[in-house]
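Asker: Below: one structure in structure tokens.
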């Protein structure tokens with residue numbers, strides 16, 4: 110037996126991993142962004158919206174901040190990078 114046997118549980122684990130990465134992670138990123146936008150609305154909402162409207166020439170209101178935060182959190186999840194190199198010198 111030179112080759113490793115792949116058990117059924119290993120295949121289930123790989124499928125579960127892809128479900129988490131593809132479905133649950135973007136949803137989690139959206140809700141974390143939504144929560145951040147909600148906090149921003151409570152703390153600095155009007156000042157933040159005024160600054161955004163001045164810079165980008167938009168007509169946002171403070172009530173839109175949670176959805177904007179959620180959308181930006183979801184979009185930002187696609188631009189993450191993972192470094193797999195190691196700098197251990199011996």
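Numbering (the working numbering), first residue to last: 110 to 199. Positions of the beta carbon are idealized from the N, C-alpha and C atoms, including for glycine.
1. May I ask whether a heavy atom of the ligand MN can be found less than 6 Å away from the beta carbon of residue 162?
2. Is it the case that the Cβ atoms of residue 146 and residue 184 are separated by a distance below 7 Å?
3. With H, G and I counted as helix, E and B as strand and the rest as coil, what does DSSP make of residue 189?
4. Compute the Euclidean distance between the alpha carbons of residue 111 and residue 119, then round it to the nearest angstrom.
5. Quick check: what's the CA-CA separation for residue 170 versus residue 186?
6. How should residue 166 be labelled, buried or exposed, when 16 other C-beta atoms within 10 angstroms of its C-beta is the threshold for buried?
Answerer: With the structure as the only source:
1. Because no ligand of any kind appears in the structure shown, any question about the ligand MN cannot be addressed here.
2. Taking the first residue of the chain shown as 1, we reach residue 146 at position 37. Taking the first residue of the chain shown as 1, we reach residue 184 at position 75. Going by C-beta atoms, residue 146 is not nearer than 7 Å to residue 184.
3. Taking the first residue of the chain shown as position 1, residue 189 is located at position 80. Residue 189: coil per DSSP, three-state reduction.
4. Stepping through the chain shown from its first residue, residue 111 is reached at position 2. Stepping through the chain shown from its first residue, residue 119 is reached at position 10. Residue placement at residue 111 is poorly supported in this model, since its pLDDT is 45, which falls under 50; the coordinates still yield a value, given next. Spanning the two alpha carbons is a distance of roughly 18 Å.
5. Along the chain shown, one-based indexing puts residue 170 at 61. Along the chain shown, one-based indexing puts residue 186 at 77. Those two C-alpha atoms are separated by around 25 Å.
6. Your numbering for residue 166 matches position 57 in the chain shown. So residue 166 ends up on the exposed side.
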